[in-house]
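Numbering (the working numbering), first residue to last: 652 to 909.
Shown next, in the form of structure tokens:
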């Protein structure tokens with residue numbers, strides 16, 4: 652899907668059709684799977700999908716958590732006419748709608764409490780390297796650490812980079828975990844290479860929410876029980892040799908796709 656307005660264009664894909672099933676975007680697509688769709692109208696996102704079972708009706712297309720939508724003043728779902736034409740030709744005629752219970756209207760200021768509420772609703776969803784799709788109707792769905800953080804902020808209407816390294820480069824840093832606000836990010840570096848290996852979200856003074864590859868799901872780690880932070884070092888397990896370097900960053904929030 653290629654959409655745009657006011658001279659700006661965005662390429663966006665979250666799910667693809669694979670024979671009888673909808674699956675998360677795999678990272679690469681064959682040319683024959685793509686359909687040109689040049690959009691001339693301006694549909695600025697002002698709402699986000701916050702459920703894990705939302706559908707674009709009447710076509711029953713999965714709308715994964717964090718999908719950005721444009722709603723008209725009377726709460727009707729606004730899609731560019733070119734896109735509606737393509738959907739109608741491909742899947743049958745219809746007027747695009749979505750259950751209002753699956754949508755949140757985006758506000759000017761981000762709420763850390765809302766961010767954490769969304770994060771906790773994602774607990775126990777499966778870890779998937781490269782994953783960035785959360786929807787119960789998708790086959791092989793899952794999420795990785797940076798995709799989890801990216802989607803959480805997008806669900807609030809804010810755009811941060813997709814990958815952990817780029818998220819790290821796009822942060823304002825503080826010196827300690829104590830200085831990091833709720834919803835801030837904790838990055839782990841490999842000791843030898845300084846490569847960013849993991850990113851986690853600060854839940855409170857002792858909790859971290861993250862999509863963990865070793866645990867296999869979105870999980871809350873508790874400082875003092877599951878891990879330790881000491882003088883910028885992060886320890887997992889009982890061995891102090893399992894050490895990584897921790898950095899503490901506040902994302903530079905900007906409105907999504909604006």
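Quick reminder that beta carbons are idealized off the backbone N, C-alpha and C, glycines included.
One or two residues paired with residue i in a DSSP bridge
{"i": "residue 809", "result": "906"}
{"i": "residue 910", "result": "Given a span of 652 to 909 for the chain in the structure shown, any question on residue 910 remains unanswerable."}
{"i": "residue 784", "result": "793"}
{"i": "residue 756", "result": "698"}
{"i": "residue 886", "result": "879, 894"}
{"i": "residue 777", "result": "868"}
{"i": "residue 858", "result": "873"}
{"i": "residue 853", "result": "859"}
{"i": "residue 748", "result": "708"}
Own chain residues within Cβ distance below 7 Å of residue i, not counting five before or after
{"i": "residue 867", "result": "777, 778"}
{"i": "residue 873", "result": "857, 858"}
{"i": "residue 879", "result": "886"}
{"i": "residue 703", "result": "716, 785, 786, 787"}
Cβ shell of residue i (< 6 Å), same chain only, five flanking positions each side left out
{"i": "residue 788", "result": "713"}
{"i": "residue 871", "result": "858, 860"}
{"i": "residue 715", "result": "665, 784, 785, 786"}
{"i": "residue 804", "result": "811"}
{"i": "residue 758", "result": "none"}
{"i": "residue 813", "result": "801"}
{"i": "residue 708", "result": "748"}
Identity of the residue in the options nearest residue i by Cα
{"i": "residue 852", "options": "700, 846, 839, 843", "result": "839"}
{"i": "residue 697", "options": "808, 706, 794, 854", "result": "808"}
{"i": "residue 846", "options": "820, 765, 718", "result": "820"}
{"i": "residue 705", "options": "774, 766, 784, 695", "result": "784"}
{"i": "residue 897", "options": "873, 905, 865, 826", "result": "826"}
{"i": "residue 882", "options": "823, 863, 829", "result": "829"}
{"i": "residue 699", "options": "722, 811, 786, 902", "result": "722"}
{"i": "residue 906", "options": "811, 739, 792", "result": "811"}
{"i": "residue 806", "options": "900, 901, 718, 709", "result": "718"}
{"i": "residue 765", "options": "856, 701, 879, 869", "result": "701"}
{"i": "residue 854", "options": "875, 831, 876", "result": "831"}
{"i": "residue 900", "options": "869, 757, 823, 848", "result": "823"}
{"i": "residue 775", "options": "875, 876, 864, 877", "result": "864"}
{"i": "residue 724", "options": "877, 695, 740, 737", "result": "695"}
{"i": "residue 793", "options": "848, 869, 740", "result": "869"}
{"i": "residue 639", "options": "720, 710, 876", "result": "Nothing about residue 639 can be reported from this structure: the residues present for the chain run from 652 to 909 only."}
Cut-off 8 Å between Cβ atoms - residues of its own chain near residue i, not counting five sequence neighbours on either side
{"i": "residue 894", "result": "842, 884, 885, 886"}
{"i": "residue 850", "result": "796, 797, 800, 815, 818, 819, 836, 837, 838, 839, 861"}
{"i": "residue 903", "result": "811, 821, 822, 823"}
Below 8 Å, can you find three or more Cβ-Cβ pairs linking the stretch 746-758 to the stretch 789-800? Touching, no, given that fewer than three Cβ pairs across the two stretches are closer than 8 Å.
Is it true that the stretch 728-737 meets the stretch 764-771, where meeting means three or more beta-carbon pairs spaced less than 8 Å apart? No, they do not touch.
Pairs of beta-carbons, one from the stretch 832-844 and one from the stretch 740-747, closer than 8 Å: are there three or more? Taking 8 Å as the limit for Cβ pairs, the verdict is that the stretch 740-747 does not touch the stretch 832-844.
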